[in-house]
Ligand SMILES: Cc1cc2nc3c(=O)[nH]c(=O)nc-3n(C[C@H](O)[C@H](O)[C@H](O)COP(=O)(O)OP(=O)(O)OC[C@H]3O[C@@H](n4cnc5c(N)ncnc54)[C@H](O)[C@@H]3O)c2cc1C
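Residue numbers (my numbering): 567 to 954.
So, in structure tokens, the structure goes:
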């Protein structure tokens with residue numbers, strides 16, 4: 567086995583990094599995950615995630631975690647409603663039966679980010695995750711690396727894997743290929759206790775998801791199991807808008823004022839999202855890495871997930887990160903390769919080829935969702951999907 571007597575370090579305990587840790591431990595590898603969060607109980611933000619048969623669910627099956635997933639996914643959360651800027655519904659799956667059978671290729675079961683993270687963490691050996699470890703730098707040490715953290719601690723690893731997400735600090739040790747701005751910026755938030763704080767929109771989501779679109783802009787709402795409403799707005803903005811707008815996105819009043827002005831052609835129904843202080847907002851400009859990005863494989867360092875191939879969200883990111891983890895673990899466990907570098911080269915080639923298709927599809931989808939006729943675009947997309 568290529569990893570026999572080797573120490574593996576995964577930087578970042580998101581879905582990609584944790585899935586990889588589990589899969590490598592199943593092969594008997596020595597793995598540590600270095601995560602910047604203070605502990606497991608750090609509140610997980612973000613929308614619910616739909617896992618796909620051929621990627622996210624495939625990784626969980628191989629990891630022996632599909633039964634745990636079945637205990638934690640949210641039947642009914644996959645139900646989709648499409649509305650316009652006046653909150654008038656044009657399409658809804660609200661009356662359909664909740665998804666009970668996830669063992670078929672068209673199933674797209676939803677799970678909240680927190681429970682997904684928890685089930686992956688519970689599958690790891692004790693003390694695998696080193697919390698409060700914000701990566702700062704790598705220094706070569708023999709055939710491996712010394713890893714430096716902001717808290718002044720260091721660790722040694724023979725093989726380092728970057729799984730530290732969209733703003734990866736490890737990626738620059740692998741490649742200088744830069745990301746480029748998609749033209750779109752998301753303002754993401756969570757409205758806690760949404761049944762009380764945003765009752766009409768909570769009702770509209772009906773335990774599932776709402777996409778509201780009109781004239782170049784859209785809003786996505788997802789009901790989460792713990793009763794909060796995940797929300798994001800997606801609009802075309804200049805790349806430096808987040809920095810130059812002067813808006814403090816931690817100040818609800820300022821976010822609300824921005825929304826009322828930017829979405830002034832939308833009905834007042836949506837203002838409910840900003841009528842409580844029991845919420846948080848964060849601004850996220852959206853980037854791509856180029857579809858044809860290429861780098862030379864290193865003997866002891868690689869990357870996966872958003873660190874390697876970020877795109878604006880179109881429902882694939884977490885699935886691709888988990889599939890990366892599966893394919894990397896398979897390459898490292900394979901008897902076909904004589905060296906770790908050969909295994910990494912094979913993994914990276916496959917990952918880049920998948921990611922390049924993902925970039926093209928995400929580009930088309932992002933353009934459609936921000937077009938003048940974006941409502942019709944999404945309705946057509948769903949109609950075509952249903953006819954398949
Ligand atoms: C608004 C929004 C909605 C989305 N919706 C969906 C969806 O519906 N479906 C879908 O498939 N995808 C969705 N995505 C994309 C999805 O969230 C990502 O593609 C996925 O989480 C990538 O997983 P990852 O493990 O590569 O990175 P992440 O999930 O970002 O995990 C990275 C981890 O690294 C840690 N970290 C970061 N920096 C450091 C550091 N310096 N040192 C140590 N640790 C560090 C972070 O704390 C985190 O735990 C969405 C994204 C956004 C922004």
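Every residue gets a Cβ at the ideal spot worked out from N, C-alpha and C, and that includes glycine. Given the structure is predicted, the values throughout are model-derived calculations rather than measurements.
Do you know offhand how far residue 829's Cα is from residue 651's?
9 Å
Could you give the DSSP three-state label for residue 853: helix, strand or coil?
strand
Have a look at residue 599 and residue 692 and give me their C-alpha separation to the nearest angstrom.
11 Å
Consult DSSP for residue 567 and reduce its assignment to one of helix, strand or coil.
coil
Check this for me: beta carbons of residue 799 and residue 880, under 8 Å apart or not?
It is not a contact, given that the beta carbons lie outside the stated cut-off.
Helix, strand or coil for residue 782? Go by DSSP, reduced to three states.
coil
Residue(s) in a DSSP beta bridge with residue 801:
Here residue 801 is bridged, per DSSP, to 751.
Cβ-Cβ separation, residue 584 to residue 686 (assumed contact under 8 Å), whole Å
4 Å
Just verifying my parser: in three-state terms, what is the DSSP assignment at residue 702?
strand
Taking only three categories from DSSP, how would you classify residue 791?
In the structure shown, residue 791 adopts coil according to DSSP, grouped into three states.
Going by other Cβ atoms of all chains shown within 10 Å of its Cβ, with 16 needed for buried, is residue 681 buried or exposed?
buried
Quick one: what does DSSP say residue 763 is sitting in, helix, strand or coil?
helix
Under 7 Å: does the beta carbon of residue 882 sit that close to some heavy atom of ligand 1?
yes
Sequence ranges, alpha helix (DSSP H) only - wholly within the region 668-696, length at least 4
679-688
Using only alpha-carbon positions, find the residue among 669, 769, 782 that is nearest to residue 835.
769
In whole angstroms, what is the alpha-carbon distance linking residue 588 and residue 942?
42 Å
The region 809-829 contacting the region 770-777, beta-carbon criterion three pairs below 8 Å:
no
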